[in-house]
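Heads up: the sequence shown begins at 628 in full-length UniProt numbering, then just goes up one per residue. Heads up: the structure comes next, in C-alpha cells.
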Amino acid sequence: ATAETPLVVTGLRKAYGDGFVAVERVDFRVERGQVVGLLGPNGAGKTTTLRVLMGLTMPTAGEVRVFGYQLVPGSPVLSRLGALVEGPGFLPHLTGEQNLRAYWAATGRPWADARFDEALEIAGLGDSIHRRTNNYSHGMRQRLAIAQAMLGLPELLVLDEPTDGLDPPQIAEMRRVLKRYATDGRAVLVSSHLLAEVEQTCTHAVVVNKGRIVASGPVDDIVGDSPSVQLDVSDQ
Ligand code: ATP
C-alpha cells in the first residue's frame with residue numbers, strides 16, 4: 628500500500644538563491660480519503676512546499692513521492708495530481724464552462740464528459756457554469772478555480788488557500804466539496820493560514836512555522852493540542 632500512497636514528503640528542504648531557507652526537514656504524507664490542511668502563518672513556507680509538490684520549483688534536498696514515484700519536473704505522475712497555486716484569471720466574456728473547456732484544451736489532454744460532469748457536480752457550480760464569469764462573485768470564482776483543478780478528477784488534489792476571502796457559509800460549503808472529493812480513493816492537500824478553516828474543512832493537519840513542522844495529525848488532536856500550536860499559527 629505504501630507505493631500507492633498519494634503523497635509522501637521526506638526531509639524536504641528548500642533554500643532560495645539568496646540563501647534563505649524557506650522549508651527545512653519537512654516530512655508528511657497524505658493518504659487516500661484524507662483532506663490534509665497545511666497550516667501556518669504567512670511566510671511559513673506553505674506555498675514553497677506546494678510549489679515543490681507541483682514540480683514548479685526544485686527542492687534543495689529531500690524527496691517527494693506521488694503514488695510511489697519520485698517527483699521530478701515534467702514527471703508523468705503529475706497527471707495524477709491536480710493543482711491550484713494562484714487563482715487563475717478567467718476570460719470575463721466567456722461562461723464558466725467555456726473557460727474550463729479553454730483551459731482543458733490548453734492541457735492537450737482528451738476531454739471526458741463524464742469526468743467533467745462529476746468534477747462540476749462535486750464543485751457545486753450548478754447553473755452558474757453557463758453564466759459569464761464577469762458576473763461571478765468572489766466565492767463563485769474560487770469555486771470555478773477549484774472545479775478547474777478537479778477537471779480530470781486527479782487522484783491527488785492540491786489547493787493553495789482555497790478558502791481565502793470566503794465567508795463562513797462558503798467555507799462550510801468548501802468543507803462539503805473537499806470531503807466529497809476525497810472519496811473513491813482520492814485525497815486532498817490544502818494550505819491555509821487560519822486554524823478555524825483547517826478545523827472546519829480538513830480531516831488532518833500539518834502545522835508549519837518558519838519552514839518547519841511544529842505539529843501534525845488528525846485535526847481533532849491538533850485543535851485540542853497545546854495552546855502554543857494555536858499561538859504559532861495565529862494570523863499576524
Ligand atoms: P503566504 O501565505 O504568505 O504565501 P507561505 O507560508 O506560503 O506564506 P512562502 O510563500 O512559501 O510562505 O514563503 C516562505 C518564505 O520564503 C518567505 O519568507 C518568503 O519571503 C520566502 N520566499 C518565497 N519565495 C522566495 C524566492 N523566490 N526567493 C527568496 N525567498 C523567497
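The C-beta atom is built at its ideal place from N, Cα and C for all residues, glycine as well.
Exercise for the section: Report the rounded CA-to-CA distance for VAL650 versus TYR763, giving the unit in angstroms. Expected result: Position 23 of the sequence shown holds residue 650. Position 136 of the sequence shown holds residue 763. Whole-angstrom Cα-Cα distance: 36 Å.
Exercise for the section: Could you say if the stretch 678-689 and the stretch 830-839 meet the contact criterion of at least three C-beta pairs nearer than 8 Å? Expected result: no
Handout entry: Inter-residue spacing [alpha-carbon to alpha-carbon] between ALA739 and GLN775
Key = Against the sequence shown, residue 739 aligns to sequence position 112. Against the sequence shown, residue 775 aligns to sequence position 148. The alpha-carbon atoms of ALA739 and GLN775 are separated by roughly 14 Å.
Problem - THR760 (DSSP reduced to helix, strand or coil) - result: Numbered from its first residue, the sequence shown carries residue 760 at position 133. It is helical.
Handout entry: Cβ shell of GLY644 (< 7 Å), same chain only, five flanking positions each side left out
Key = Residue numbering aside, residue 644 sits at position 17 when the sequence shown is read from its first letter. Cβ within range, chain order: n/a, list empty.
Problem - Sub-9 Å separation of LEU639 and VAL653 beta-carbons - result: Within the sequence shown, numbered from 1, the residue matching residue 639 stands at position 12. Within the sequence shown, numbered from 1, the residue matching residue 653 stands at position 26. For LEU639 and VAL653, yes; Cβs fall inside 9 Å.
Problem - Cut-off 6 Å between Cβ atoms - residues of its own chain near ALA832, not counting five sequence neighbours on either side - result: To locate residue 832, count along the sequence shown from 1; it is residue 205. Once the five neighbours on either side are set aside, the close Cβ partners of ALA832 are GLY664, LEU666, VAL825, VAL846, ILE849.
Exercise for the section: For HIS765, verify whether its CB is less than 8 Å away from any heavy atom of the ligand ATP. Expected result: For the purposes of this step, residue 765 is identified with residue 138 of the sequence shown, where counting begins at 1. Outside the cutoff, so no.
Handout entry: Any 3 or more C-beta pairs closer than 8 Å across the stretch 764-784 and the stretch 743-756
Key = yes
Problem - Simplified DSSP state of ALA832, which is helix, strand or coil - result: Walking along the sequence shown from the start, residue 832 turns up at place 205. Correct three-state label for ALA832: strand.
Problem - Supposed close pair ARG759, LEU721 - CB separation, criterion 8 Å - result: The residue labelled residue 759 in the question sits at position 132 within the sequence shown. The residue labelled residue 721 in the question sits at position 94 within the sequence shown. At roughly 7 Å, the Cβ-Cβ gap stays under 8 Å, so ARG759 and LEU721 are in contact.
Handout entry: GLU782 beta carbon near the ligand ATP (any heavy atom closer than 8 Å)
Key = Taking the sequence shown and counting its residues from 1, one reaches residue 782 at position 155. No.
Problem - Cut-off 6 Å between Cβ atoms - residues of its own chain near ALA671, not counting five sequence neighbours on either side - result: Residue numbering aside, residue 671 sits at position 44 when the sequence shown is read from its first letter. Result list for ALA671: VAL835, ASN836, in chain order.
Practice task
Go ahead and label ALA746 buried or exposed: buried means 16 or more other beta carbons lie within 10 angstroms of its beta carbon, across all protein chains shown.
Solution key: Position 119 of the sequence shown holds residue 746. Buried is the call here.
Exercise for the section: Check whether the Cβ of PHE647 sits closer than 8 Å to any heavy atom of the ligand ATP, and report yes or no. Expected result: Your numbering for residue 647 matches position 20 in the sequence shown. True, at least one ligand heavy atom lies under 8 Å from that Cβ.
Problem - Cutoff 7 Å; reference MET767; Cβ partners in own chain excluding five residues on either side - result: On the sequence shown, position 140 is the one that residue 767 refers to. Correct list, in chain order: SER755.
Problem - Where the beta strand (DSSP E) containing ALA739 begins and where it ends - result: Here residue 739 refers to the residue found at position 112 when the sequence shown is read from its first residue. Here ALA739 belongs to no beta strand (DSSP E), and DSSP marks it neither H nor E.
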